[in-house]
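Working notes, beginning with the structure itself.
Numbering (my numbering), first residue to last: 2 to 344.
So, in structure tokens, the structure goes:
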């Protein structure tokens, strides 16, 4: 995924418009600003051995969707380090927008891997931003609920988390036969009560309705919270053609949400996330990079290393499928009213 994304961004000559920063690998100490020492040490140990059958691995969430493959610790530290490096660029005032598309690992808990996420780089990035920016707003537009980030900050009023996501019984990170996480009634705890905002959405949503929801919520959130910095997770598993087969969005719809956030002109950290149709994920994040740079990109995919992956049409645009939209306008209005009432 990371290679295809970087390669397509480069093919559109967008790298020339940006400052490319070599990321540092996260140190054990930096990762321990959120994760427990026991978890990090265990991850390092199984990563060295490539040991997927370690008896303690189950309690650390390793195995199944987070296999303990050899070298995974170094990879996680690189992803975490890239997000921390991006946050530091914002701290130092080197830029207003910093991007780490391979980041956005929003499911990991302090002592547990979850949903392909071995480390929570989003949390590490937010903690770094908090060294300078008092109030940080986290916005998660991935198909899945940003549960790891919400959990990390559920008790604080300094970080507000907003997640738009598919919500249905048994859909990850919900467990079978249990109510899912990220319902509209999940609003945070203690001092952080009303500082978690969840927008549960059903299958088939398209650009226009999604943007209306997003804009309505973010307008209220901005007025109520008045953030000093923003972290935006833009998982591409909402896009039509994703094997998750849930939402029916195109990059243009996500781009409108991104533009809405950018017009606040705050320090903004941009992260990737899910996206399991690799060509469409690269299309999406390349288009969004163009949006950030104010560039209109040509429809024809330029020739580059992964050109053949973009057949049969070899264009940047993605067409929505003809699946039905399962979102009842009345239910959406109830959700929006509930959020307005609690902010």
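Here a beta-carbon is modelled for each residue, glycine too, at the ideal position from N, C-alpha and C.
Residue 346 burial status per 10 Å Cβ neighbour count (16 or more: buried): Since the displayed the chain opens at 2 and closes at 344, residue 346 lies outside it and no answer follows.
Using only the alpha-carbon positions, how far apart do residue 227 and residue 92 sit? 18 Å
Among 278, 43, 55, which residue has its Cα nearest to the Cα of residue 5? 278
Classify residue 101 as helix, strand or coil using the three-state DSSP reduction. strand
So, for residue 99: in the same chain, excluding its five sequence neighbours on each side, which residues have a beta-carbon less than 6 Å away from its beta-carbon? 87, 90, 91, 270
Under the three-state reduction of DSSP, which class applies to residue 68: helix, strand or coil? Judged by DSSP in its simplified three-state form, residue 68 adopts coil rather than helix or strand.
Taking residue 105 and residue 273 to be in contact with their CB atoms under 8 Å, please state how far apart those CB atoms are, rounded to whole angstroms. Confirmed, about 5 Å.
Looking at residue 124: is its Cβ nearer than 8 Å to the Cβ of residue 150? yes
Should residue 209 and residue 340 be called a contact, given that it needs their Cβ atoms to be closer than 8 Å? no
Who pairs with residue 197 in a beta bridge, going by DSSP? DSSP lists 162 as partners of residue 197.
In the DSSP assignment, the alpha helix (DSSP H) including residue 213 goes from what residue to what residue? 208 to 226
First and last residue of the uninterrupted beta strand (DSSP E) at residue 139: 137 to 141
Contact with chain C by residue 212, beta-carbon distance below 8 Å: Within the model displayed, chain C is absent; a lone protein chain is all it includes.
Please return the same chain residues whose Cβ sits closer than 6 Å to the Cβ of residue 96, not counting the five positions on each side in sequence. 90
CA-CA distance, residue 131 and residue 107? One C-alpha to the other measures close to 18 Å.
Let me check understanding here. Comparing Cα to Cα, which of 28, 162, 239, 146 lies closest to residue 282? 239
Could you pull the DSSP bridge partners for residue 16 from this structure? Answer is none; residue 16 lacks a bridge partner.
To the nearest whole angstrom, what separates the beta carbons of residue 255 and residue 142, a pair I think is in contact under 8 Å? 6 Å
Taking all protein chains shown into account, do 16 or more other C-beta atoms lie within 10 angstroms of the C-beta of residue 237, making it buried, or fewer, making it exposed? buried
Starting from residue 340 and walking both ways along the beta strand (DSSP E), at which residues does that stretch end? Looking at the DSSP string, residue 340 is not in any beta strand (DSSP E); the run it does join, the alpha helix (DSSP H), is 330 to 343.
Could you check where the alpha helix (DSSP H) with residue 234 kicks off and where it finishes? Residue 234 -> not in any alpha helix (DSSP H); beta strand (DSSP E) instead, spanning 230 to 234.
When the Cβ atoms of the region 174 to 194 are set against those of the region 324 to 333, are three or more pairs found closer than 8 Å? no
Taking 8 Å as the cut-off, does the region 247 to 267 touch the region 74 to 87 (at least 3 CB pairs, one atom from each stretch)? no
Report the option in 206, 62, 186 whose CA atom is closest to the CA atom of residue 335. For the options 206, 62, 186, the alpha carbon positioned closest to that of residue 335 is the one of 186.
So, at 6 Å on beta carbons, what are the nonlocal neighbours of residue 163 in its own chain, with the 5 sequence-adjacent residues on each side left out? 140, 198, 222
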